[in-house]
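Take a look at the structure below.
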Amino acid sequence: MGASRLPAVAASGEEVGRDGVRQPGGEVHAWLPGQNQTVCGLALSRTRLRRFPHVPFDYSGTDVLTEADAVGWICPRCLAAAAGRRGKEKHGWVRESPRP
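If you read the sequence shown in the UniProt record's numbering, its first letter stands for residue 1, the second for the next number, and so on.
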């Protein structure tokens, strides 16, 4: 997995938005386009997860899902694996106040 590529979404369901674009629903996982499995190791073909290469996996562990959301569950293993690929966390952890 290349560190420069950002994960997209693979989901168990989908819904079509008002603009006519497919959006993920149900169980959501992180997936790197070009791979045949999610970042947590599930095979896309065996689990019948749908690919959404146009939707970035930009969820966080603090996201709150409600009944109004099409997404019902976000894979915690995918959250952990994808956390290092987002924003300033791309280079791993950084010590905020180093020792003298």
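We put the beta carbon where it would ideally sit given N, CA and C, even for glycine.
On a predicted model such as this, the values are computed, not experimentally measured, just so you know.
| Asked | Found |
| --- | --- |
| Let me know if A3 comes out buried or exposed under the rule of 16 or more other beta-carbons within 10 Å of its beta-carbon. | For A3, the predicted model reports a pLDDT of 47, less than 50, meaning its position is unreliable and no value from the coordinates is stated. |
| Would W73 be called buried (16 or more neighbouring beta carbons within 10 Å of its own) or exposed? | exposed |
| Would you mind listing the beta strand (DSSP E) stretches within the stretch 48-77 that are 3+ residues and don't spill past its ends, in chain order? | 50-56, 71-74 |
| Is there a Cβ from chain D that is less than 8 angstroms from the Cβ of L6? | Of the protein chains in this structure there is only one, and it is not chain D. |
| Label H29 either buried or exposed according to how many other C-beta atoms from any shown protein chain fall within 10 Å of its C-beta, with 16 as the threshold for buried. | buried |
| Would V16 and W31 qualify as a contact pair, given that the criterion is a beta-carbon distance under 8 angstroms? | no |
| With the cut-off set at 8 angstroms, would you say S12 and L49 are in Cβ contact? | yes |
| Can you name, in chain order, every residue of its own chain whose Cβ lies under 6 angstroms from the Cβ of E27, other than the five neighbours on each side? | S12, W73 |
| Could you check which residue in D19, P24, R5 has the C-alpha nearest to that of A70? | P24 |
| Mapping DSSP to helix, strand and coil, what is P46? | Residue identity check: residue 46 is Arg in the sequence provided, not Pro. DSSP places R46 in helix when its eight states are reduced to three. |
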